[in-house]
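Working notes for the structure below.
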Amino acid sequence: MNFPTAPKTIAELEQRIELMAGLTLGEIANELDVMVPEDLTVEKGWAGQLIEAYLGATAGNLPEPDFQHLGIELKTIPIDSSGKPLETTFVSVAPLSGEITGTWQDSTVYKKLNHVLWVPIIAERKMAIPHRQIATPFLWKMTKHWESELSRDWQELTDLIVFGHHDKINATHGQWLQLRPKAADSSVRTDAYDQQGNPVKAPPKGFYLRTDFTRQLLTQQFQLDTL
DNA sequence: GCGTGATCATTG
DNA sequence: CAATGATCACGC
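Residue numbers (my numbering): 931 to 1157.
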């Protein structure tokens, strides 16, 4: 099967996402000759990887934007029929060891969220996978306002890591971003530092966007669409 | 084992 | 029923 190649320009990407609006996951899977799972319990990232393949995203599992040449990150977001996000959005793993004292603009969170192609998918749990439908994908560039908001959260969460407060790290910190487990299971441990700066083991964490953030983005986008 | 893609499942 | 904590597949 021929998978699409990466779009060379933003204009080309914009053309492709216009053609994608309204398609169901079943239609896209059929076009790519991909089997559709019964449910996502054992293939949780299936929809995201399907859309990546459909749009020719190239970064694979590198910690870089999906469309490397364009510097654009692809994020699918499950929504209900009213447009409300159903899940938080994973951003990137949080570094717990090595150089964790960098600046906001050096962070993987900034690099991933600076320029994003959001692909909302109407995907209520009761809907069969093939019937789930691409809504209106849109390109989003981080504004000064959101950069101010997100960098504040990032600093708060990063401080917890830098100061070794692993016992206090949970999903309740941060207004828009949060830290949550990111591992195969709860027994996994990775290298980190304690409060004295000595090496210890701690549960791996990831940065996630709360649904409040994506809900606001979608609301803004919806208003623009109706102008 | 880590980082990519995320959603599941239990709890308050 | 939303939010937090737990979990699954894949590539390397």
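The C-beta atom is built at its ideal place from N, Cα and C for all residues, glycine as well. Note that this is a predicted model, so its numbers are computed, not measured.
Classification of residue i by the beta-carbon crowding that lies within 10 angstroms, buried from 16 upward
| i | result |
| --- | --- |
| residue 1053 | buried |
| residue 1083 | buried |
| residue 1036 | exposed |
| residue 1125 | exposed |
| residue 1024 | buried |
| residue 1081 | buried |
| residue 993 | exposed |
| residue 974 | exposed |
| residue 945 | exposed |
| residue 961 | exposed |
| residue 1151 | buried |
Cβ shell of residue i (< 7 Å), same chain only, five flanking positions each side left out
| i | result |
| --- | --- |
| residue 1129 | 1121, 1123 |
| residue 956 | 966, 1060, 1061 |
| residue 942 | none |
| residue 958 | 980, 984 |
Rounded straight-line distance, which links the Cα of residue j to that of residue i
| i | j | result |
| --- | --- | --- |
| residue 979 | residue 1108 | 23 Å |
| residue 1115 | residue 1010 | 28 Å |
| residue 976 | residue 1104 | 28 Å |
| residue 1094 | residue 1132 | 10 Å |
| residue 1002 | residue 939 | 11 Å |
| residue 1076 | residue 1136 | 20 Å |
| residue 1039 | residue 1021 | 6 Å |
| residue 1034 | residue 1100 | 21 Å |
| residue 1146 | residue 1055 | 22 Å |
| residue 1043 | residue 1106 | 13 Å |
| residue 996 | residue 954 | 22 Å |
| residue 1032 | residue 1085 | 10 Å |
| residue 1097 | residue 1089 | 13 Å |
Other residues of its chain near residue i: CB distance less than 6 Å, five sequence neighbours each side excluded
| i | result |
| --- | --- |
| residue 1157 | Note on residue 1157: pLDDT 48, under 50, position unreliable in the model; no value is reported. |
| residue 936 | 986, 988 |
| residue 1113 | 1134 |
Expected contact under 8 Å - CB spacing of residue i and residue j to nearest Å
| i | j | result |
| --- | --- | --- |
| residue 1064 | residue 1046 | Actually they are not in contact, since the Cβ atoms of residue 1064 and residue 1046 sit about 16 Å apart, beyond 8 Å. |
| residue 1015 | residue 1144 | 4 Å |
| residue 1139 | residue 1018 | 6 Å |
Nonlocal neighbours in the same chain, by C-beta distance under 8 Å from residue i, ignoring five residues either side
| i | result |
| --- | --- |
| residue 968 | 1059 |
| residue 1027 | 1120, 1121, 1122, 1123, 1129 |
Contact test: residue i Cβ vs the ligand NAD heavy atom, cutoff 6 Å
| i | result |
| --- | --- |
| residue 935 | Looking for the ligand NAD in the displayed structure turns up nothing, as the structure carries no ligands at all. |
- Task: Kindly provide the ranges of any alpha helix (DSSP H) runs that are 4 or more residues long and lie completely inside the segment 980 to 1067, ordered along the chain.
- Result: 1038 to 1043
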